[in-house]
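All the letters of the sequence shown, read from the start, carry residue numbers -15 to -1, 1 to 51 under mature numbering (1 follows the signal peptide of the UniProt record, and there is no 0).
Even for Gly, the Cβ is constructed at its ideal location relative to N, Cα and C.
Computed from a predicted structure; not experimentally measured.
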Amino acid sequence: MLAVLPLLVSTSIRGGCVVVTGASRGLGVGIARAFATEGAATVCLVARSEAGLQSVCRGLAAEHPN
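Encoded structure:
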């Protein structure tokens, strides 16, 4: 795990594409929000709960309109 950390710290997600599983609640929401805040061009949300996913998607779109 320690060998991976320097790579993660030095890699920028700005302009990139990410997939977040479990994105309808808890840590998944926080991770999706963090990627959007850091400038990911596309944040693909995946979850078992469509209603929860729609809510998170609307919230992220409102917070990060571009």
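query	result
Can you say whether SER34 is buried or exposed, counting buried as having 16 or more other CB atoms within 10 angstroms of its CB?	exposed
Can you give me the Cβ contacts of GLY44 inside the same chain, cut-off strictly under 6 Å, excluding the 5 residues immediately before and after it?	none
Does chain C have any CB closer than 8 Å to the CB of ALA32?	Going by chain labels, chain C is absent from the structure shown, which holds only one protein chain.
If you drop the 5 nearest sequence neighbours on each side, which residues of the same chain put their C-beta closer than 7 Å to that of LEU30?	VAL5, ALA8, ALA17, LEU38, VAL41 and CYS42
Which partner residues does VAL5 have in the DSSP bridge list?	LEU30
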